[in-house]
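Below you'll find the structure, written out as structure tokens, and then a few comments.
Residue numbers (this note's numbering): 29 to 398.
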């Protein structure tokens, strides 16, 4: 990697963050915009000049290593760890695949016809369409830091090399396991094959991953599998670990995707983990868009100007709220399950709006309108 005037992207953004941590040339902080301009060049030259390096403002391997060494000496950068990610397709699905990816059929799903969507109009009645069966490439991996390990599910389009990835931090499962059904399939064991297959089917192939691959953007989809205890494990607030995991996933899949741009989404109670997660990755990844679906609160983590922030609420947790697209029951009259719902109780309405409509449709709508 060589960075110089005119370079852009997440590597430049990380360099700017490194230079800010070193506080070169006083307390003035570089804007983490991922653009290698004259101010970033000046900070690089200042560092090179005080560390017996060629004072050319170009960040090659020697300069980068010197910056990272200085950060480690100050305790601001952890010592590089050994490989954090390993493929577990064989362990979970009984097949290894090519480049750790296996062909995957994606079921037909319903989508909101975005041409009929009028943002800001809570009386706008939506119409829907179906995708039909599609295909993709699937990989399941284990990502480890120290003694803590979490499974990661990667879903890619059937062909091509997407340069964008959408990371999913979905809801917590603790309250949903009142009768112990999730415990029976291994929730609490981060690598439980039965629990991983459960979220693979419910969340990746029938929800978030399917909506991502059906969108107008060519994106990889990465789902972090939760566990009891600390839930997201090292992913919760360690942006450097997220970056390392993505880097190793690219290598393990033989460069089947890149992550020049990152998008991220959450659903329901996932917002509680999403805010610190988003804050931790913003300095090391080029986060371009975020989606917040039917939560109890909004996204609090700050983002650079010009980035996309889409938030949707159904009205079952709170009514119309600034910064949210309000999606109340009348907008769903054309949805296929609506006519058979009698909504006799608040729970029936909650289950229909929160557990069916919002997770099955809102992410794709957010991507299409971003």
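The C-beta atom is built at its ideal place from N, Cα and C for all residues, glycine as well. Only a predicted model underlies this, so the values are computations on that prediction, with no experimental measurement involved.
request  = Report the option in 144, 234, 192 whose CA atom is closest to the CA atom of residue 245.
outcome  = Minimum Cα-Cα distance from residue 245 among the listed residues 144, 234, 192 corresponds to 192.
message = According to DSSP, is residue 297 part of a helix, a strand, or is it coil?
response = helix
ask   = Terminal residues of the continuous beta strand (DSSP E) containing residue 345?
value = Taken as a continuous stretch (DSSP letters only), residue 345 belongs to no beta strand (DSSP E), as it is neither H nor E.
inquiry  = Assuming residue 177 is part of the beta strand (DSSP E), what are its boundary residues?
reply    = Counting along the chain, the unbroken beta strand (DSSP E) around residue 177 starts and ends at 176–184.
query = What does DSSP give as the partner residues of residue 387 in its beta bridges?
reply = Bridge partners of residue 387: none, in fact.
ask   = Using the beta-carbon count (16 or more within 10 Å), is residue 403 buried or exposed?
value = With the chain running from 29 to 398 in the structure shown, residue 403 is simply not present.
inquiry  = Quick check: what's the CA-CA separation for residue 313 versus residue 158?
reply    = Straight-line Cα distance between these residues: approximately 33 Å.
Residue interval of the alpha helix (DSSP H) (run including residue 48) = It spans 38–50 - the alpha helix (DSSP H) in which residue 48 sits, taken as one unbroken run.
message = Below 8 Å on the Cβ atoms is my contact criterion, and I expect residue 319 with residue 200 to pass it. Report the Cβ-Cβ distance as a whole number of Å.
response = Rounded, the Cβ-Cβ distance is 18 Å, inconsistent with contact.
inquiry  = Assuming residue 163 and residue 120 are in contact, meaning their beta carbons sit under 8 Å apart, how far apart are those beta carbons, in whole angstroms?
reply    = 19 Å between Cβ atoms; not a contact.
ask   = In terms of residues, what are the limits of the alpha helix (DSSP H) holding residue 237?
value = 236–241 is the span of the alpha helix (DSSP H), which, as asked, contains residue 237.
task = Keeping to the same chain, check which residues put their C-beta closer than 8 Å to that of residue 298; ignore five residues upstream and five downstream.
result = The residues are 197, 198, 199, 200, 323.
inquiry  = Per the DSSP calculation, residue 132 is bridged to which residue(s)?
reply    = According to DSSP, which records beta bridges pairwise, residue 132 is partnered with 164.
inquiry  = Tell me the DSSP secondary structure of residue 316 in three-state form.
reply    = strand
key: Per-residue DSSP class, three states only, for residue 59   = coil
message = Three or more C-beta pairs under 8 Å: does that hold for the segment 279–294 against the segment 124–133?
response = Touching, per the Cβ criterion.
query = Using DSSP with H/G/I as helix, E/B as strand and the rest coil, what is residue 368?
reply = helix
ask   = Would you report the Cα separation of residue 141 and residue 260, rounded to the nearest angstrom?
value = 34 Å
ask   = If you run the structure through DSSP and keep just helix, strand and coil, what is residue 139?
value = strand
Bounding residues of the alpha helix (DSSP H) (the contiguous stretch that carries residue 95) = Looking at the DSSP string, the run of the alpha helix (DSSP H) that includes residue 95 is 89–101.
message = Please report the straight-line C-alpha distance between residue 230 and residue 44, rounded to a whole angstrom.
response = 39 Å
Under the three-state DSSP convention, the category residue 82 falls into = coil
ask   = Terminal residues of the continuous beta strand (DSSP E) containing residue 195?
value = Taken as a continuous stretch (DSSP letters only), the beta strand (DSSP E) holding residue 195 covers 192–197.
query = Rounded C-beta distance between residue 86 and residue 219? I'm assuming under 8 Å.
reply = That pair is no contact at about 43 Å.
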